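Undergrad: Taken in sequence, the protein lines are chains A and B.
In terms of this note's numbering, the first sequence has 100 at position 11, counting the first letter as 1, and numbering is strictly consecutive.
In terms of this note's numbering, the second sequence has 51 at position 44, counting the first letter as 1, and numbering is strictly consecutive.
We put the CB at the ideal spot given by N, CA and C, even for glycine.
Values in this document were obtained by computation on a predicted structure and should not be read as measured data.
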Amino acid sequence: GEDVEQSLFLSVREGDSSVINCTYTDSSSTYLYWYKQEPGAGLQLLTYIFSNMDMKQDQRLTVLLNKKDKHLSLRIADTQTGDSAIYFCAESIIAGRRALTFGSGTRLQVQP
Amino acid sequence: DSGVTQTPKHLITATGQRVTLRCSPRSGDLSVYWYQQSLDQGLQFLIQYYNGEERAKGNILERFSAQQFPDLHSELNLSSLELGDSALYFCASSAGESSYNEQFFGPGTRLTVL
Chain A
90 GEDVEQSLFL
100 SVREGDSSVI
110 NCTYTDSSST
120 YLYWYKQEPG
130 AGLQLLTYIF
140 SNMDMKQDQR
150 LTVLLNKKDK
160 HLSLRIADTQ
170 TGDSAIYFCA
180 ESIIAGRRAL
190 TFGSGTRLQV
200 QP
Chain B
8 DSGVTQTPKH
18 LITATGQRVT
28 LRCSPRSGDL
38 SVYWYQQSLD
48 QGLQFLIQYY
58 NGEERAKGNI
68 LERFSAQQFP
78 DLHSELNLSS
88 LELGDSALYF
98 CASSAGESSY
108 NEQFFGPGTR
118 LTVL
């Protein structure tokens, strides 16, 4: 079955690194995504990783994928107050369902 | 701005009523997805249309239905509304049919059922 889990809340100080974690259960997942939702706004795709990769870096964002443990993480370097938002991980499966399965979201609070 | 528009932004109605939510995808995108975001259920996929045809169904109730028109805009119809239908409804669009095509989300319609 498909289930994506995230911790609910993370608080960091401005300038520190943030690490948001996600676990998934469907071993056939081929793409894993990180979305950001700011208050009152829709979801914005931040980055994604294909399941044959271990790591992807995009400016301040680093995604790490551990397929053995089905663990995905998003590291935000030099976290800013503008990074305060809810972060969702999501998985998609090429065969079968053609939709995204989202985690519950992690609320990141950045303190000045 | 993702290029996906949704109307209305807010909707307040009573139990038992019927409402229609509208979505216009990004120019050139053929797929439209509908998602429901509620406090207790989180963000859940409802249904997908591709070029006018239903492609996938998620956790969509029988009281809900959707369609995609020839101009590619989509409508989500919610009927016999219950208090538990209060949620944020998102539409997303993508160029291709598969979910691994990047999906662009609209700002959502907040539905409140009183």
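Got a sec: is the Cβ-Cβ distance from A:D174 to anything in chain B below 7 angstroms?
TA: Counted from its first residue, the first sequence places residue 174 of chain A at position 85. In the sequence under discussion, the amino acid at residue 174 of chain A is Ala, which differs from the Asp named in the question. No, its Cβ sits nowhere closer than 7 angstroms to a Cβ of chain B.
Undergrad: Hey, quick one: how far does the beta strand (DSSP E) through B:V120 stretch, first residue to last?
TA: Mapped onto the second sequence, residue 120 of chain B falls at position 113. Per DSSP, B:V120 belongs to the beta strand (DSSP E) from T116 to V120.
Undergrad: At 3 residues or longer, and completely inside the stretch 95-157 of chain A: list those beta strand (DSSP E) runs for me, N to C.
TA: With a minimum length of 3 residues, the continuous beta strand (DSSP E) runs that stay inside the stretch 95-157 of chain A are 98-102, 107-113, 120-126, 132-139, 144-147 and 150-155.
Undergrad: Rank B:R29, B:S34 and B:G10 by C-alpha distance to the C-alpha of B:R117 and give the top, closest one.
TA: Here the question's residue 117 of chain B lines up with position 110 in the second sequence. Looking at the Cα atoms, B:R29 is the closest of the given residues.
Undergrad: Verify the CB distance criterion: does B:F112 have a CB-CB separation below 7 angstroms to chain A?
TA: Taking the first residue of the second sequence as position 1, residue 112 of chain B is located at position 105. With 7 angstroms as the cut-off, B:F112 counts as an interface residue toward chain A.
Undergrad: Compare the C-beta of A:N131 with all C-beta atoms of chain B and state if any pair is closer than 7 angstroms.
TA: Counting from one through the first sequence, the residue named residue 131 of chain A turns up at place 42. Strictly speaking, residue 131 of chain A in this sequence is Gly, with Asn absent from that position. With 7 angstroms as the cut-off, A:G131 counts as an interface residue toward chain B.
Undergrad: Going by other Cβ atoms of all chains shown within 10 Å of its Cβ, with 16 needed for buried, is B:R62 buried or exposed?
TA: As a position in the second sequence, residue 62 of chain B is number 55, starting the count at 1. Per the 10 Å Cβ criterion, buried.
Undergrad: How long is the line joining the alpha carbons of A:L161 and A:L153, rounded to whole angstroms?
TA: Counting from 1 along the first sequence, the entry for residue 161 of chain A is found at position 72. Counting from 1 along the first sequence, the entry for residue 153 of chain A is found at position 64. If I take the Cα positions, the gap works out to 6 angstroms.
Undergrad: Residues in the stretch 119-144 of chain A with C-beta within 9 angstroms of chain B's C-beta atoms, listed in sequence order?
TA: Taking 9 angstroms as the Cβ-Cβ cut-off against chain B, the residues of the stretch 119-144 of chain A that qualify are T119, Y120, Y122, Y124, Q126, G129, A130, G131, L132, Q133, L134, Y137 and F139.
Undergrad: Rounded to a whole number of angstroms, what is the C-alpha to C-alpha distance between A:K157 and A:T195?
TA: Along the first sequence, one-based indexing puts residue 157 of chain A at 68. Along the first sequence, one-based indexing puts residue 195 of chain A at 106. Approximately 23 angstroms between the Cα atoms of the pair.
Undergrad: Pick from B:G49, B:C98 and B:Q44: whose alpha carbon is nearest that of B:Q74?
TA: Residue 74 of chain B sits at position 67 when you count from the first residue of the second sequence. For B:Q74, the nearest C-alpha among the options comes from B:C98.
Undergrad: Between the stretch 56-73 of chain B and chain A, which residues of the former have CB atoms less than 7 angstroms from a CB of the latter, in chain order?
TA: From the stretch 56-73 of chain B, only R62, A63 and G65 have a Cβ closer than 7 angstroms to chain A.
Undergrad: Taking the CB atoms as reference points, tell me whether A:A188 and B:F52 lie closer together than 7 angstroms.
TA: Residue numbering aside, residue 188 of chain A sits at position 99 when the first sequence is read from its first letter. Residue numbering aside, residue 52 of chain B sits at position 45 when the second sequence is read from its first letter. Yes, these two residues count as a Cβ contact at 7 angstroms.
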